[in-house]
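To convert, count from 1 in the sequence shown and add 187; that's the numbering used here. For each residue, glycine too, the CB sits at the ideal point set by N, CA and C. First comes the structure, then the notes that go with it.
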Amino acid sequence: MCVLGVSAVLGCTLPRREAPPTLFSSAAPVGFPGTVRFLSVDRATVEARSEAALQGLKKASKDGVVRFLALSGGGAAGAFGAGALIGLGHRDERPQYDVVTGVSAGALIAPFAFLGPEWDSQLVDAITSGRSEHMTLHGLTQLLFGARHRSDALLSFVDHYITKDLVDAVAKEAAAGRILWVATTDLDKEELVIWDMGIIAQHGGEAARELFRDVLVASASVPGVFSPIIIHVEKGGVHYDEMHVDGNASASLFVAPAAAYFAVLDQSALEGAQLYVLINGTIIGAPSTTRFKLGPIMGRSFDAAMKHLSRG
188 MCVLGVSAVL GCTLPRREAP PTLFSSAAPV GFPGTVRFLS VDRATVEARS EAALQGLKKA
248 SKDGVVRFLA LSGGGAAGAF GAGALIGLGH RDERPQYDVV TGVSAGALIA PFAFLGPEWD
308 SQLVDAITSG RSEHMTLHGL TQLLFGARHR SDALLSFVDH YITKDLVDAV AKEAAAGRIL
368 WVATTDLDKE ELVIWDMGII AQHGGEAARE LFRDVLVASA SVPGVFSPII IHVEKGGVHY
428 DEMHVDGNAS ASLFVAPAAA YFAVLDQSAL EGAQLYVLIN GTIIGAPSTT RFKLGPIMGR
488 SFDAAMKHLS RG
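Here's what the structure looks like:
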């Protein structure tokens, strides 16, 4: 595979089928129902699914109060979000979050935040084991030529923690009405895609585990740093390929689909709901001199974009 951002320079291409030709396509990952994901701006889908989802959340809540947790992107700063959740658990101040959403690094944390403190040991291991060290970017040479190595390391890292037991546990909680959403960016559509990880998990089997894993990897795959993830989809017997990358390319975090803000919804089930937002990074910068080299310039530009997106 080639680094997406420099494939033209290196004279190579990524083999793939054509993407679905329409924006609001009913194409679904091969072997899965179309309900496993939807475009954030798809008002019709949001309206069609909202009533059952909202009522399910009300029933799933332990005390009648629906609690949302939105986890932002932030790269290596995701260790902050993991540590914050673990600390809240140690202090017995971590409630059940009935809806958990994650983008990029936040997506990698999201399944553990969703399942609760019983899974904190896995979060601790992810932070302290050193398994993520091969995903680190050092210098321009690695940026241009190290994407395959970093991508393999990211896939291996996520694959280690997304076990059958974890996927089965997510399926059980989803059956009770709770929601776990992770976002990727569909580059072909240039839109945010929201994946219902609970529905994926409920599908069961190794195929569900692999799609669950691949969505998390895609959500964390920063363009130009990691290779994109190709999702094979099918509609009416015709097969297509979609190219998915970091959810941060579309949103640094999200609470609900964008369409929810202009759709006609009965929000009575959310009366008294509570929203928690966990930012993996800083939203106020500290001035320092940027070296006149491509790596530092790109790094500071990315950091600036993340700060301002998170503020928004």
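Which word fits residue i, buried or exposed, when buried means at least 16 other C-beta atoms lie within 10 angstroms of its C-beta?
i	result
His431	buried
Ile416	buried
Val190	Low local confidence applies: a pLDDT of 36 at Val190 is under 50, so the model's placement there is unreliable, and no value is given.
Leu330	With a pLDDT of only 47 at Leu330, under 50, the local geometry of the prediction cannot be trusted, and the value read off the model is given with reservation. By the neighbour-count rule (16 or more Cβ atoms within 10 Å), Leu330 is buried.
Asp383	buried
Asp285	buried
Thr209	exposed
Ala446	buried
Phe301	buried
Pro474	exposed
Pro202	exposed
Arg337	buried
Gln454	exposed
Arg224	buried
Arg335	exposed
Glu205	exposed
Tyr448	exposed
Throw me the rounded Cβ distance for the residue i and residue j pair, which I believe falls under 8 Å.
i	j	result
Phe255	Ala460	7 Å
Met493	Gly468	6 Å
Arg281	Ile349	Rounded, the Cβ-Cβ distance is 22 Å, inconsistent with contact.
Val253	Lys245	6 Å
Ala292	Gly265	3 Å
Ala214	Val420	4 Å
Pro304	Gly276	4 Å
Gly260	Ser439	5 Å
Ser497	Ile470	5 Å
Ala247	Ala363	5 Å
Lys422	Ser212	6 Å
Val464	Ala294	Rounded, the Cβ-Cβ distance is 15 Å, inconsistent with contact.
Could you tell me which residues DSSP puts in a beta bridge with residue i?
i	result
Ala128	Outside the displayed range of the chain (188 to 499) lies residue 128, so it cannot be described from this structure.
Phe413	Pro410
Tyr427	Val420
Val380	Leu226 and Thr371
Pro216	Val420
Val311	DSSP output for Val311 lists no bridge partner at all.
Val432	Thr372
*Is the segment 257-273 touching the segment 475-486, taking contact as three or more C-beta pairs under 8 Å?*
no
*Fully enclosed by the segment 344-378, which alpha helix (DSSP H) runs are 4 residues long or longer?*
351-362
*Quick one: any contact between the segment 352-371 and the segment 430-448, if contact means 3 or more CB pairs under 8 Å?*
yes
*Unbroken beta strand (DSSP E) runs of length 3 or more, entirely within the segment 434-481: which are they?*
461-465
*Okay, do the segment 395-415 and the segment 236-250 touch, 3+ Cβ pairs below 8 Å being the bar?*
no
_With three or more beta-carbon pairs closer than 8 Å as the criterion, would you say the segment 215-231 touches the segment 337-352?_
no
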